[in-house]
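Residue numbers (this note's numbering), protein chains in the order written: chain W, 112 to 654; chain X, 3 to 620; chain B, 315 to 666.
Positions of the beta carbon are idealized from the N, C-alpha and C atoms, including for glycine.
All of these numbers come straight from a predicted model, not from anything done at the bench.
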Amino acid sequence: MTNSIDDLEKADCILVTGSNTTEAHPIVGLRIKRAVMKNDCKLIVAEPRRIRLCDYAHLWLKQLPGTDVALLNGMMNVILEEGLADEEFIRERTEGFEEFKKVVERYTPERAAEICGVPADQIREAAHIFASAERAAIVYCMGITQHTTGVDNVLSLANLAMLTGNIGKEGAGLNPLRGQNNVQGACDMGGLPNVLPGYQSVQDPRAREKFARVWGVENLPEKPGLTVMEMMEAAAQGKVKALYIMGENPMVSDPDIRHLQEALDKVELLVVQDIFLTETARRAHVVLPAASFAEKEGTFTNTDRRVQRVRKAVEPPGDAREDSWIVAEVSRRLGYDMGDVSASAVMEEIASLTPQYGGISYQRLEELGYLHWPCPTPDHPGTPILHVEKFTRGKGLFSAVEFKPPAELPDEEYPFYLTTGRILFHYHTGTMTRRSAGIEALASTNEVWMNPEDARELGVEEGEHVVVQSRRGAIRIRAKLTEDMPQKVLFIPFHFGESPANALTNPALDPVAKIPEYKVAAVRVLVGKEAEGVDVVSLSSTG
Amino acid sequence: MRIDSPAALERYCEEVKEKKAKYPYRVSVCGGTGCQAFNCLEVYEALVESIKENDLEEEVELKLTGCHGFCEMGPLMYFQPMGTFYAKVDPKDVNDIVVATILQEGEVEKYLYRDPVSGEKIHHREEIPFYKKQVRLLLGINHLIRPQVIDDYLALDGYKALAKVLFEMTPEEVIEAVERAGLRGRGGAGFPTARKWRICREAPSPDGIKYIICNADEGDPGAYMDRSLLEGNPHAVIEGMAIGAYAIGACEGYVYVRHEYPLALRNLLVALDQAREMNLLGKDIMGSGFDFDIKVAVGGGAFVCGEETALIASIEGKRGMPRPRPPYPAVKGLWGRPTNINNVETWENVPLIIRMGPEKFAEIGTENSKGTKIFSLVGKINNTGLVEVPMGITLREIIYDIGGGIPGNKAFKAVQTGGPSGGCIPAEHLDIQVDFESLQGIGSMMGSGGMIVMDENTCMVDIAKYFMKFLCEESCGKCVPCRVGTKRMLEILTKICDGEGTPEDLEALEVLAADIKAASLCALGGTAPNPVLTTLRYFRHEYEEHIYNKKCPAGVCPALITIKIDPEKCNGCGACAKVCPVNAISGEKKQPHVVDPELCIRCKVCMDRCRQEAIYAE
Amino acid sequence: MKSVSITIDGKAVEVPADYTILQAAREAGISIPTLCHDERLEPFGACRVCVVKVEGARALLPACATPVSEGMRIWTDLEEVRRARRTVIELLLSDHPNDCMVCERSGSCELQDLAYEYGVREPRFQGERHTYEVLDDNPLIERDYNKCIVCGRCVRICREVQGVGVYDFINRGFDAIPGTPYGRSLPETPCEFCGQCVSTCPTGALVSIPYKGKGRAWQVTKVRTTCPYCGCGCQVDLHVRDGKVVGASSPVMVGPGQGNLCVKGRYGYEFIHHPDRLTRPMVRKGGELVEVSWDEALDEVAGRLKEIMEENGPDSVAFLCSARCTNEENYLLQKLARAVVGTNNVDHCARL
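Right, here's the structure in full:
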């Protein structure tokens, strides 16, 4: 997020798109609702499904899955056409505007409406509301990024924010919601194939040298590594022979499970370090029992770049140990002594090598409770709002983005759109929430959500079990009929191993970010006799 | 017909007056809710029939109007210009009345009002004591107005006050006029109306929007002043609100009326449509450029919704619960905007002040309480009805001169003013002047105008219990002192009435009363202890009788009385034994009967039945 | 915001003009009791235990809901103030079960604290007491309206903060109580089971079922940590008793949630002590995972990694770090990959 969560309540307008905020990020959802209820903030929701936030919205734009660029270009066309753009901001702080303008000029609201299915009038109204707000914030999540055009979608949102001068000030900004407690931190810490901690490129010799010196090694690898999807592909091809997984469960969270299963079965060494015997751990050669968050010291970095403490409340069960101890032990056995791996000592090392974390220490976190990075020095107060004076690269760059359709669209054979996501009661692959009895009792069954009209045509009754099938696999699942779904679009939560949504999803990737297109796949629904005997994927219920 | 200028209004009013001048006679039948209960609609139908039959349609202007005030005597007929007034009219005699009064220029003696004191028949309405001492500035035109006919109001120069204000006065001048008139709110506390308006006028609004509200959520038991005004003359409320809106700078008004007032609601809705149609309400009223419209909100009948902040919550669609003040509605009211609330009677006084001039208005009343006040005079009183009196009149004048005293020559004991949160005033204060301050000075209040008269057969502990029960049930439950405190007070009062009271109970009552008054959130709780406090103050001995001697001096509390039959008076007719629901009365025919105290449930049905007045409670 | 000068208990203070008397007093270090107040909510002014004397006002005024104004003279501890508060407390206790012995909230009950402070053992006013059936129509939130003091905090937090509005007051007067539409069970309402209502309830009327009977305020140690679920980063206090996590709450006005949590952040902690937890290292032997010692497992990992690296080069090894683990752990794992193994094959499920 460029701005902080607290900042959302200062917005005059919030555009939420591709985020079912109240269920996937309930507390951000709560803050958005409060902005609307308390401060008369105008809320625009762009989302194919009728999510709960629609109840609070001034305007609900019901675009077809995978057509976000068209919708956003249409809105920006109106803003340009009607002179609502922030010309000063564009002049002073951005570049690439002319090329961008040429593309957007071609997306009249009428043309955009044809592509995305939102009436032209609503596109105009949304543009008016957003552009006329003093402070307008954009909130988005995986509904924007999990597409083959994920990067294009994000760039379009960035265009919209810059076009209206809504970057670098209170109550505004471009605010991606990070799905997991420390996905931000894992990225910050160099848990990515192309960058060292603090987004320092592995191809930058000075960065490599700096790290090599502190780490006491001669040199560090220069070639960017493989992304998770590429790793799996390489494993399937026999190029990756050892896979070391700490606290992840790709068997449930990754697309195209069947293919993944083959890959995992092929590697010579699969090490899984986790707190439960997950679907992935079941296939491991070595399973290492780890401590849970309640059993260790450390820090998480949340979605608004807020570094906060994790504190040890109880002892790990049995022989389970902190991940840091395990990693250090493996390292020692490979001939490298990591030294003091206590959390505060490691943070000191992180601070010394990572400019964004330069001023963060356990002592300061103890005093202040949290610090927003970038926090370069020990006297820096942290940065709740990014890009106030200038962008990281200097000037903000407009991108000319053309609409491209999703990789797989419904056709006669697979006539439904499938989109996946979370529900309020469960989290990710369900390993934790599905082991909390009260929560599990309230939401124990996976369901495919469909419009009652579609159900009528298919002859499906509420609660009936059907088979949902894509070109990659099939699952058996109970049907839930709800007007919240538009026609011809199905939704399946991905928490449930016994009917894993990711048996169906399309592993087609965004060419830049390598994100799979979870939000659009083409599927069909098999009912009654048709559904019998279909080979369905089913994993253990608790991930 | 759209009125687009004051001149157009003037012309239209003159036309209407001319049309009416053609009729030599006018007959007005009271059609208020009270008289409707006496079948006045049949009387009116018979009148229409009779006028047709006697070929008098060109001669007589017929009116079925709002309340004439003398509810005890309904159905009422009033003939003008003769001034002949008939009471308790039977529909079957209407034709005779018409023939006698109009064609024969005489009267039907049997329907003339008979003075209960002198026994004399009275020919003219204005000579009837009930009307004679009243100053009926507001109610006095009710008999001329068919509520659903706007022309009747315009014939009385209706909406001319609004025209004058819109075209000749600045908003500040309007507020000054109301200030000079000395108008104070008629809803209860008597807050100076002009000051209230000014606060609201000066309060900033985030988007410039301000509201005014007419509080027609009259909830005191037995009080119906506002209902009668709204039923009988809705245009006066509309005109008053429009003037107020102009003065305050409001663009929208609400009338909050309880759903138990269907006739008032119906008449108001018709009147609003008519006013809009004639451009007397809505956009660019009479071409002045001033926009104002009124919406109607129908309440569910909760007493607490008469409280300003609860009323606002109710209009907003929330549960009718008060919120702490400050901030006052004048600063932060409906939908968070500055809002001015006055009740029906206050709004109706506004056009009157403009029409008669503030100085003239201020001549009526006392130093600090100007104009008239309408009371609903009910209870143990001969002339039940609505009375409009000048401020400063004494309670004795209202009760004895206008009200005709206590029925059955019983002794006056107390009068309750100010509704359930007012107080009981004893005989020693009968000569007090009725105005805002004096009533407060003796522990009661003006309130909205309920006046319940009690005679010697009223138990003051029982009365206190009655009002406490009412308030306990009407408490919204939000704040602790009112929610639990009134309940505990009611329980103690019930205990005392049941003969189980202890001396400590009096102390507990006083502690609770003081703390509930001090700590409650709204006026409902803040005044809830008043009936107990005033009865304790003036009738403490009755409480003590209940507690120490286990006696109810007024013979009311069932647990403390025995029903007896005076053998001297009893003629043995046996009527009492027949009505007794528990067969507790026995006796030989023509011999004195007796009551079995073991069986008797003290329902007193026998007492009401006995013609010899031989049965009494002890 | 401009400021105003007022005096509280004779002490002159200067506070922002938009303060309430309560805020001003707290800033001046003067404590005023409250029951219906919660910093997360709009002032309500219902319980009346925060009443104070303001010179010139006809009745006592609620400190929580009364804005300060220039020159205001406030008295918080006069006899008449204490007396009114005491009566309010006695009235509340006259319709409240005297069962602190078994009450979940004993020790963290705001009513109990007030009764203690004002020394109310037996209320002077006795009368009818409500008897309601305890509602446990769902696995998470129990409602015992016998203990409800009708402060409206649950009603308001659900509407004002959660924006859902499951509860409103039903009935009037003495019988007024929070309720659901038509008395429906919570699962039949739009309830999101966030437990915000439980978190704000000043008494034991609303209780978290999974944490019931597991430890009262003085029996638990609270450990402040960060919620392990989504990326919001809400601050959570884990309640620890005898080495077990027996409850969770969120500190008010702290962190992104400001004391509010979602159903997962409040109730999703049974996994910590779940019997399915991995407790021993395991190595696959003959197709089966077999429990082994740490040394054996770690030697196996290091040995096999060495072999593969030597045979196929460092890029034949790949690491997945975790969006679930701490910054420090992720840092160490990528360090292992880059500095020790010598590969950039490090990623995690940021994209998933």
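Note down the Cα distance separating residue i from residue j, rounded to an integer number of angstroms.
i, j, result
"residue 12 of chain X", "residue 319 of chain X", "41 Å"
"residue 422 of chain X", "residue 492 of chain X", "14 Å"
"residue 470 of chain B", "residue 427 of chain B", "23 Å"
"residue 464 of chain B", "residue 488 of chain W", "50 Å"
"residue 240 of chain W", "residue 248 of chain W", "12 Å"
"residue 546 of chain W", "residue 585 of chain B", "5 Å"
"residue 397 of chain B", "residue 361 of chain B", "15 Å"
"residue 494 of chain B", "residue 398 of chain X", "53 Å"
"residue 291 of chain X", "residue 285 of chain X", "7 Å"
"residue 477 of chain X", "residue 483 of chain B", "13 Å"
"residue 627 of chain B", "residue 381 of chain W", "17 Å"
"residue 124 of chain X", "residue 203 of chain X", "51 Å"
"residue 730 of chain B", "residue 339 of chain W", "Residue 730 of chain B cannot be examined here, being either before or after the span of chain B that is shown, 315 to 666."
Let me know if residue i comes out buried or exposed under the rule of 16 or more other beta-carbons within 10 Å of its beta-carbon.
i, result
"residue 228 of chain X", "buried"
"residue 479 of chain W", "exposed"
"residue 286 of chain W", "buried"
"residue 31 of chain X", "buried"
"residue 242 of chain X", "buried"
"residue 598 of chain W", "exposed"
"residue 630 of chain B", "buried"
"residue 475 of chain B", "buried"
"residue 481 of chain B", "buried"
"residue 496 of chain B", "exposed"
"residue 564 of chain B", "buried"
"residue 447 of chain B", "exposed"
"residue 105 of chain X", "exposed"
Which partner residues does residue i have in the DSSP bridge list?
i, result
"residue 255 of chain X", "X/214 and X/296"
"residue 387 of chain B", "B/321"
"residue 30 of chain X", "X/65 and X/80"
"residue 617 of chain X", "X/567"
"residue 307 of chain W", "W/311"
"residue 560 of chain W", "W/591 and W/602"
How far does the beta strand (DSSP E) with residue i in it reach, from first residue to last?
i, result
"residue 384 of chain W", "380-385"
Does the beta-carbon distance from residue i to residue j come in below 8 Å?
i, j, result
"residue 380 of chain X", "residue 234 of chain X", "no"
"residue 2 of chain X", "residue 222 of chain X", "Here chain X has residues from 3 to 620 only, and residue 2 of chain X is not among them."
"residue 6 of chain X", "residue 407 of chain X", "no"
"residue 619 of chain W", "residue 518 of chain W", "yes"
"residue 644 of chain B", "residue 297 of chain W", "yes"
"residue 207 of chain W", "residue 497 of chain W", "no"
"residue 352 of chain B", "residue 535 of chain B", "no"
What residue range is occupied by the uninterrupted alpha helix (DSSP H) comprising residue i?
i, result
"residue 40 of chain X", "Residue 40 of chain X -> no alpha helix (DSSP H), and no H or E assigned at all."
"residue 534 of chain X", "532-550"
"residue 517 of chain X", "505-521"
"residue 17 of chain X", "8-23"
"residue 578 of chain X", "577-581"
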